[in-house]
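Going letter by letter, the sequence shown gives residues 1 to 421 in full-length UniProt numbering. The block underneath contains the structure these notes are about, expressed in structure tokens.
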Amino acid sequence: MAVYRGNFLYTPALGQLKVVERGWLITENGLVHSLTQRQPASAGPLTADFGDALILPAFTDLHLHAPQLPNMGLGYSEGLGGWLERYTYPIEHQYADPSYAHQLNAALISQLRRYGSLHAVIMGSTSAAAAADLLEQYRRSGMWAYVGKMNSDYPGYGVQNEQTAPSIAETVQLAHRYGGPGRVRYAISPEFVPCCSDELMAALGQLARETGLPVHSHMSEGESDLQLVRRRFPREGCYAGVYARFGLMGSGPSVMAHCLTSPEEEIALLKQHGSFVAHCPVCSLDLAGSGLPPIRRYLNEGIPVGLGSDIAGGHTLNMMQVIVAAVQISKLVVQQKPQLSPLSEVEALYLATKGGGAFFGRVGSFEPGYSFDALVIDDRHLGQLSPLHLSPAQRLERFLYCGDDRHISRRYCAGRELTAL
Ligand SMILES: [Zn+2]
Numbered sequence: 001m002a003v004y005r006g007n008f009l010y011t012p013a014l015g016q017l018k019v020v021e022r023g024w025l026i027t028e029n030g031l032v033h034s035l036t037q038r039q040p041a042s043a044g045p046l047t048a049d050f051g052d053a054l055i056l057p058a059f060t061d062l063h064l065h066a067p068q069l070p071n072m073g074l075g076y077s078e079g080l081g082g083w084l085e086r087y088t089y090p091i092e093h094q095y096a097d098p099s100y101a102h103q104l105n106a107a108l109i110s111q112l113r114r115y116g117s118l119h120a121v122i123m124g125s126t127s128a129a130a131a132a133d134l135l136e137q138y139r140r141s142g143m144w145a146y147v148g149k150m151n152s153d154y155p156g157y158g159v160q161n162e163q164t165a166p167s168i169a170e171t172v173q174l175a176h177r178y179g180g181p182g183r184v185r186y187a188i189s190p191e192f193v194p195c196c197s198d199e200l201m202a203a204l205g206q207l208a209r210e211t212g213l214p215v216h217s218h219m220s221e222g223e224s225d226l227q228l229v230r231r232r233f234p235r236e237g238c239y240a241g242v243y244a245r246f247g248l249m250g251s252g253p254s255v256m257a258h259c260l261t262s263p264e265e266e267i268a269l270l271k272q273h274g275s276f277v278a279h280c281p282v283c284s285l286d287l288a289g290s291g292l293p294p295i296r297r298y299l300n301e302g303i304p305v306g307l308g309s310d311i312a313g314g315h316t317l318n319m320m321q322v323i324v325a326a327v328q329i330s331k332l333v334v335q336q337k338p339q340l341s342p343l344s345e346v347e348a349l350y351l352a353t354k355g356g357g358a359f360f361g362r363v364g365s366f367e368p369g370y371s372f373d374a375l376v377i378d379d380r381h382l383g384q385l386s387p388l389h390l391s392p393a394q395r396l397e398r399f400l401y402c403g404d405d406r407h408i409s410r411r412y413c414a415g416r417e418l419t420a421l
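Right, dumping it as structure tokens:
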């Protein structure tokens, strides 16, 4: 048992912020047992008193690309095709070098930890060895992750990244090696329909059915890629129709990044299969030619949504900035679609914690039974010289807009404090 005191803030439901000022949180075996305003009679000695700091559930980054860490902030005026060809694929090919990949993987885990993204869904490159290295390093980190080697054997954008047979064989091997229970597991990761052959998608769908492992991919990132899908699969007519046909949706959990231009039938399939949407607002703002994500529409439909940094389509791993961008872009969406109300900061925080966290299970909240994955926010610097007396909820809002990793003073995962990597 461990006993913590502090100002606990979390979002048990979309749009609902719960604040327990100077509360008592008790954990057992790394799980939240109780969070109360008054000291429970059964509480043992205090494990840590966080004073006036804010305690938040750790973030979930629901979509990012490991090999693109060095590529952040480059080539955003190119549009998706040019950016993939001139920036992304060349740097992803470097990731096949084992010592380079090892270094880069260590840097990525360290940065995600710094920004408090203690749960992450990560796509690698086509290199199986680099994905295995990332899985191994993650297992030593104490954090949560789904990691997959990217499958990309069809020259939808003019480049064929790998051959079909080895792509399937390597993926089957990784899925069996890293498919067991635990905080770090394999995710089947086809790049997206335009870059996957029918044979590959059928084999990955079968693997999803056999193993129950989740599928992590992209969907309807813009009109141009949707057109490619429609031309090649006129009968299915959309990404979700293709994924469903090949068993990549509906066999187990799935998470689809973007869904910017999803037609009605795609939205219906997402809902039917309980697929998560990874909303990546920074990428939508950064990469030329992206559409405006109608996230409120998905939330109204009851489709589970989380937030992703999508580095390097997005330029930052800072989840606070992703939360703010989700709010900002939702205000732009309203200009086009006045029926879709903008997201509040509290709603965006929900997406970054419990919303996306649901992909991992009971993470992202301080309700009983949830993994105690927490960030201690020391925001004293942000309030210097301020004559205002702010409530914890107002301080949370200020931290989301103005804070960064320097204001996260401690990180806990499954009840254990993470030390620097
Ligand atoms: Zn992506």
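Yeah, the Cβ is synthetic: ideal placement off N, Cα and C, and Gly gets one too. Here the structure is a predicted model, which means the values were calculated and not measured.
Exposed unless 16 or more other CB atoms sit within 10 angstroms - verdict on residue i
i, result
"LEU401", "Contrary to the premise, residue 401 reads as Tyr rather than Leu in this sequence. Looking at its Cβ environment, which holds fewer than 16 other Cβ atoms inside 10 Å, TYR401 is exposed."
"THR419", "exposed"
"GLY355", "buried"
"PRO181", "exposed"
"GLY369", "exposed"
"ALA13", "exposed"
"ASP52", "exposed"
"HIS389", "exposed"
"GLU162", "buried"
"ALA312", "buried"
"HIS381", "exposed"
"LEU17", "buried"
"SER275", "buried"
"ASN318", "buried"
"GLN321", "buried"
"SER6", "Reading off the sequence, residue 6 comes out as Gly, not Ser. Burial call: buried."
"ASP133", "buried"
"LYS337", "exposed"
"GLY250", "buried"
Any non-hydrogen atom of ligand 1 closer than 7 Å to residue i Cβ
i, result
"HIS63", "yes"
"HIS218", "yes"
"ALA257", "yes"
"ASP310", "yes"
"GLY313", "yes"
Span of the beta strand (DSSP E), counted from its first residue to its last, around residue i
i, result
"residue 426", "Missing from the structure shown is residue 426; the chain here goes from 1 to 421 and no further."
"MET256", "254 to 258"
"SER61", "The identity of residue 61 in the sequence shown is Asp, whereas the question assumes Ser. Start and end: 59 to 65."
"GLU21", "16 to 28"
"GLN8", "The sequence as given places Phe at residue 8; Gln does not occur at that position. From DSSP, the beta strand (DSSP E) with PHE8 extends over 2 to 13."
"SER217", "215 to 219"
"ARG86", "That residue, ARG86, is in no beta strand (DSSP E); it is neither H nor E in DSSP."
"THR36", "31 to 36"
"TYR146", "144 to 148"
"VAL121", "117 to 123"
"VAL184", "184 to 186"
"ALA374", "374 to 377"
Start and end residues, alpha helix (DSSP H) containing residue i
i, result
"LEU270", "264 to 273"
"ASN105", "98 to 114"
"CYS413", "No alpha helix (DSSP H) holds CYS413; the beta strand (DSSP E) holding it covers 408 to 413."
"THR171", "164 to 177"
"ASN300", "295 to 301"
"MET320", "319 to 336"
"LEU285", "281 to 286"
"GLY205", "198 to 211"
Distance between beta carbons of residue j and residue i, contact taken as under 8 Å
i, j, result
"MET201", "PHE233", "Not a contact, Cβ separation roughly 10 Å."
"VAL346", "GLY15", "6 Å"
"ARG185", "LEU213", "7 Å"
"residue 442", "VAL19", "Residue 442 lies beyond the stretch modelled for the chain, which goes from 1 to 421, so this question has no answer here."
"GLY291", "LEU260", "4 Å"
"ALA58", "LEU375", "5 Å"
"ALA257", "ALA278", "4 Å"
"LEU266", "CYS238", "Position check: residue 266 holds Glu in this sequence, whereas Leu was assumed. The pair is a contact, with the Cβ atoms about 4 Å apart (cut-off 8 Å)."
"TYR95", "VAL121", "Incorrect: roughly 18 Å between the Cβ atoms, too far for contact."
"ALA352", "LEU307", "5 Å"
"TYR10", "PHE399", "Not quite, the Cβ-Cβ distance comes to about 14 Å (not below 8 Å), so this is no contact."
"PRO281", "LEU340", "In fact, because the Cβ distance is near 14 Å, the residues do not count as touching under 8 Å."
"PHE360", "THR27", "About 17 Å; that fails the 8 Å criterion."
Cβ of residue i within 8 Å of any chain C Cβ
i, result
"GLY75", "Considering every chain present, this structure includes no chain C. It has just one protein chain."
*Hey, is the segment 137 to 146 in contact with the segment 102 to 115, meaning 3+ C-beta pairs nearer than 8 Å?*
yes
_Under 8 Å, with one C-beta from each stretch per pair, do the segment 72 to 80 and the segment 284 to 304 reach the 3-pair mark?_
yes
*Could you tell me whether the segment 33 to 44 touches the segment 52 to 68, using the rule of 3 or more Cβ pairs below 8 Å?*
no
_Using 8 Å as the cut-off, can you tell me whether the segment 159 to 174 makes contact with the segment 214 to 229, which would need three or more C-beta pairs spanning the two stretches below that distance?_
no
*Stretch-stretch touch, CB-based, cutoff 8 Å, three pairs: the segment 92 to 107 with the segment 186 to 195*: no
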